[in-house]
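J.:
2 protein chains.
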Amino acid sequence: MRVLIVEDAADMAEAVRGHLHRAGMTCDVAGTVAAAEDHLAVTTYDALVLDIHLPDRTGTELLRDLRARGLRVPVLMLTALFSVDDRVSALDHGADDYLVKPFDHRELEARLRALIRRNAAQKGEELKLGRLSWNPATLGARVDDERIDLTRRETVLLGLLIRNAGRTMSKERLYEGLFSFSDTDVGLNAIELYIARLRKKLAGSGVAIETRRGLGYRMDTDG
Amino acid sequence: MRVLIVEDAADMAEAVRGHLHRAGMTCDVAGTVAAAEDHLAVTTYDALVLDIHLPDRTGTELLRDLRARGLRVPVLMLTALFSVDDRVSALDHGADDYLVKPFDHRELEARLRALIRRNAAQKGEELKLGRLSWNPATLGARVDDERIDLTRRETVLLGLLIRNAGRTMSKERLYEGLFSFSDTDVGLNAIELYIARLRKKLAGSGVAIETRRGLGYRMDTDG
DNA sequence: GCCAAGCTGTCATAAACCTGTCAGGGCGCG
DNA sequence: CGCGCCCTGACAGGTTTATGACAGCTTGGC
C-alpha cells in the first residue's frame, strides 16, 4: 500500500500522511505538480491523493496528463469547493473519487482503501507458486494446507516476490517496495535479512528464493 | 450488522437510528441520495432503509441504480403514501420489502432482521467454530450448549471475526464494522479492548483470537 | 423521574515481539 | 587468491498490543 499525497499546505499534508501511515499505508508527499511527477517517474503507487489547487499547475491538469499517458492508478481528488461542476470536472478528467474539505480522516482512509481494493480486485486474487499460496486479501500464506505466519515486512516482501515470480527483482526495487522515503536510514542489508527470514519460514514449500549475485533475487519453484 | 438509513427528515432518521442501534445494529444516516451513494461507495452494508421522498432524487431512482449495478443488498422502502401503485413500483424496482409511515419501530426492526436473515441464509446459517457457535439471526452465542452473554459491541465483533474465521482482519477493518461515522473520535485502542474482553469470555471455548502484530487479528480453533 | 447496574471508551503502564544494526564468516567470481 | 557481495546469529531499541482502573452514559426497574 503505497500512496502519494500531492498537497502544498504542509500541515494538511502532514496530517493526512500521519493518519494514512497509522492505517498501515506507506506515504510520500509532494508539494507541487513538478515534484509529484518526479515521484511518479521513479516509483509505482497504489493510489494518489490529489489536491486541486497547487502552486505551479492544477491537480486536474496533472490528472489529465496521467490519464493521457495511460496511467490507471486510482486517484482521489481533494477540493475546497462544494460545487457539482468541480465534482463533474474532476470525475471527467479521470478521478476515481473526490472529497470536499474539510473532511473526516477516517472517511478519507475508508475511501482510499475502497479505491485500492477495487483496483486490486481487478488483478485477481490468491497467487500460487509450487505448494505455496498467498492471499493478499487475508494476508495469509499457506504451504499445502498448513498455514505459515509471517510478520508484516515478511508479508510485504513475499507479496513483491511472488507477484514477480520468475523475474529477478533488484535489491533496490525490493527496498523501495518495503520501505518508504520516510523510513530514514534503513540499510540495504535489511533486505538480505528479510530474505533470510523468509527462506527459513518457506523451507520445504517447493518454492525457493534464488540469489542472483549483483542482480537481486528471484522467486521460483524449487528443483 | 451495519445498516444505512436514507431519510431526509432528521428527527425521523434519528428515531430510527436510535431504535436500530438499541437492537444491536450499527447505523449510518444519509439525508440525500448523493450522500447515500457516497456512503455506499465506501462501506458495505447489510441492509438499507430507504425513504421514497428525498431532496435531490427519489429513493426509487437510487434503488434502480443500485440494482442496475448488480448490488443485491436488502432494501426496505419507507413511504408516506398508502397506495398499491407505490408498493408495486417499489417492489418492481427491486425493493425487498416496504413499510407505510407511520409505522411501529418494532415492526421495522423485525422486518429488517428478517431481510438480513433471509440474505444471510443464502450464505449459510449458524456459524460454528470449535465448540463455539454463533447465530447471526438471533445474535446469540453458545459454547457447546451453554449460552454466553455478550454485550452489543462484543456481539458485533464476534460476528465479524467468526464470519472471517481463519482470515486476518486488520484493526481498521474491524473498526469500520464496529463503529459508524457518527461514533465520533473513538480510538483504535477500543478494538484492542474489546478483543481482550471477548477473549476472556471465550476462554475454554476451543476458539482463539490470535494477534498478528502490525497486521490485525485472526480467529481460529485453538491448538 | 430516580437510582442502580452494566456497558463504553480513555488512559497509563507493562509486556510482547517485531525491526534493523552489527559483526563475523562464507562463498562466488575475476 | 583476494575482493566484494551475501548469509546469519545475537542484540538493543522501539513500536504495537494487553490489561487493570476509572469516569461518563444508557438502560431498565421501580
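Protein chains in written order, with the working numbering: chain A, 758 to 980; chain C, 758 to 980.
Beta carbons are placed, not taken as given, at the ideal position from N, Cα and C, and that holds for glycine.
Identify the residues that DSSP records as bridge partners of ASP808 of chain C: which are they?
T.: ASP808 of chain C pairs with C:LEU835.
J.: Applying the 10 Å Cβ sphere with the 16-neighbour rule, what's the burial state of ALA953 of chain A?
T.: Burial call: exposed.
J.: Give the range of the alpha helix (DSSP H) segment to which ALA766 of chain A is assigned.
T.: No alpha helix (DSSP H) holds ALA766 of chain A; DSSP gives it neither H nor E.
J.: Going by Cα to Cα distance, which pick from C:ALA780, C:LYS958, C:GLY775 is closest to ALA867 of chain C?
T.: Nearest C-alpha to ALA867 of chain C: C:ALA780.
J.: So, are the CB atoms of THR783 of chain A and ARG970 of chain C less than 8 Å apart?
T.: Taking 8 Å as the Cβ cut-off, THR783 of chain A and ARG970 of chain C do not qualify as a contacting pair.
J.: Any Cβ of chain A within less than 8 Å of the Cβ of ILE966 of chain C?
T.: Output row for ILE966 of chain C: interface = no.
J.: Does the CB of THR925 of chain C have a neighbour CB from chain A at under 8 Å?
T.: Yes, its Cβ sits closer than 8 Å to a Cβ of chain A.
J.: Is it the case that the Cβ atoms of GLY887 of chain A and ASP979 of chain A are separated by a distance below 8 Å?
T.: The answer is yes: Cβ separation under 8 Å.
J.: Which residues mark the beginning and the end of the beta strand (DSSP E) in which LEU856 of chain A is found?
T.: Counting along the chain, the beta strand (DSSP E) containing LEU856 of chain A begins and ends at 854–857.
J.: Does the contact criterion of 3 or more C-beta pairs under 8 Å hold for the region 762–771 of chain C versus the region 801–811 of chain C?
T.: Yes: at least three Cβ pairs fall under 8 Å.
J.: Could you check the C-alpha separation between LEU734 of chain C and LEU896 of chain C for me, to the nearest Å?
T.: There is no way to answer for residue 734 of chain C, as the model of chain C reaches only from 758 to 980.
J.: Note down the Cα distance separating GLN879 of chain A from ARG875 of chain C, rounded to an integer number of angstroms.
T.: For GLN879 of chain A, the predicted structure reports a pLDDT of 48, less than 50, and the residue's modelled location is therefore unreliable. A value from the coordinates is still provided. When rounded, the distance between both Cα atoms is 29 Å.
J.: Can you check whether the C-beta of LEU828 of chain C is within less than 8 Å of a C-beta belonging to chain A?
T.: It does not: the Cβ of LEU828 of chain C has no partner Cβ on chain A nearer than 8 Å.
J.: Return the residue from the list C:LEU833, C:GLY851, C:ALA804 that minimises the CA-CA distance to ARG826 of chain C.
T.: Ranking the options by Cα distance to ARG826 of chain C, first place goes to C:GLY851.
J.: Enumerated in chain order, which unbroken segments of the alpha helix (DSSP H) with a length of 4 residues or greater are wholly contained in the region 906–963 of chain C?
T.: Within the region 906–963 of chain C, the complete alpha helix (DSSP H) runs of at least 4 residues are 909–920, 928–935, 946–958.
J.: To be precise: take each residue of the region 948–977 of chain C, compare its Cβ to all Cβ atoms of chain A, and keep it if any distance is under 9 Å. Which residues remain?
T.: Answer set for the region 948–977 of chain C: GLU967, ARG969, ARG970, GLY971, LEU972, GLY973, ARG975, ASP977.
J.: Of the choices A:GLU794, A:MET926, A:ASP940, A:LEU955, whose alpha-carbon is the least far from that of LEU889 of chain A?
T.: Of A:GLU794, A:MET926, A:ASP940, A:LEU955, the residue nearest in Cα terms is A:LEU955.
J.: In the region 893–922 of chain A, which residues sit with their C-beta less than 9 Å from some C-beta in chain C, listed in chain order?
T.: Within the region 893–922 of chain A, the qualifying residues are ALA894, THR895, LEU896, GLY897, ARG904, ASP906, LEU907, THR908, ARG909, ARG910, THR912.
J.: Report yes or no: is there a C-beta of chain A within less than 8 Å of the C-beta of GLU933 of chain C?
T.: Yes, GLU933 of chain C lies at the interface with chain A (some Cβ there is under 8 Å from its Cβ).
J.: Determine whether the beta carbon atoms of TYR724 of chain C and ARG910 of chain C lie at a separation below 8 Å.
T.: Because chain C here runs from 758 to 980, residue 724 of chain C falls outside it and cannot be looked at.
J.: I'd like to know whether the C-beta atoms of VAL773 of chain A and LEU807 of chain A end up nearer to each other than 8 Å.
T.: Taking 8 Å as the Cβ cut-off, VAL773 of chain A and LEU807 of chain A do not qualify as a contacting pair.
J.: Do you know how far the Cα of ASP849 of chain A is from the Cα of GLY775 of chain C?
T.: The straight-line gap from Cα to Cα measures roughly 39 Å.
J.: Between the C-alpha atoms of ARG930 of chain A and SER937 of chain A, what's the straight-line distance to the nearest angstrom?
T.: Cα-Cα distance, rounded: 12 Å.
J.: Which residues, taken in chain order from the region 779–800 of chain C, show a beta carbon closer than 8 Å to some beta carbon of chain A?
T.: The residues in question are ALA798, VAL799, THR800.
J.: Could you tell me the distance, in whole angstroms, from the CA atom of THR912 of chain A to the CA atom of MET769 of chain A?
T.: Distance between the alpha carbons of THR912 of chain A and MET769 of chain A: 31 Å.
J.: Which word fits ALA894 of chain A, buried or exposed, when buried means at least 16 other C-beta atoms lie within 10 angstroms of its C-beta?
T.: With fewer than 16 other Cβ atoms within 10 Å, it is exposed.
J.: Helix, strand or coil, according to DSSP, for LEU896 of chain A in the structure here?
T.: In this structure, LEU896 of chain A counts as coil in the three-state DSSP scheme.
J.: Measuring alpha carbon to alpha carbon, tell me which of C:ASP861, C:ALA871, C:ASP901 ends up nearest ASP854 of chain C.
T.: The residue with the shortest Cα to Cα distance from ASP854 of chain C is C:ALA871.
J.: Between the Cα of ARG821 of chain C and the Cα atoms of C:VAL799, C:ASP803, C:GLU794, which residue gives the shortest distance?
T.: Ranking C:VAL799, C:ASP803, C:GLU794 by Cα distance to ARG821 of chain C puts C:GLU794 first.
J.: Excluding five sequence neighbours on each side, which residues of the same chain lie with their C-beta closer than 7 Å to the C-beta of LEU972 of chain C?
T.: Here the set comprises THR925, SER927.
J.: Pick helix, strand or coil for GLY775 of chain A, following the three-state DSSP scheme.
T.: GLY775 of chain A falls in the helix class under three-state DSSP.
J.: Anything in chain C within Cβ reach of ARG868 of chain A, meaning under 9 Å, just list it in chain order.
T.: The answer, in chain order, is ASP795, ALA798, VAL799.
J.: Where does GLU883 of chain C fall in DSSP's three states?
T.: Correct three-state label for GLU883 of chain C: coil.
J.: Where ASP942 of chain C and HIS862 of chain A are concerned, what is the direct C-alpha to C-alpha distance, given to the nearest angstrom?
T.: Spanning the two alpha carbons is a distance of roughly 11 Å.
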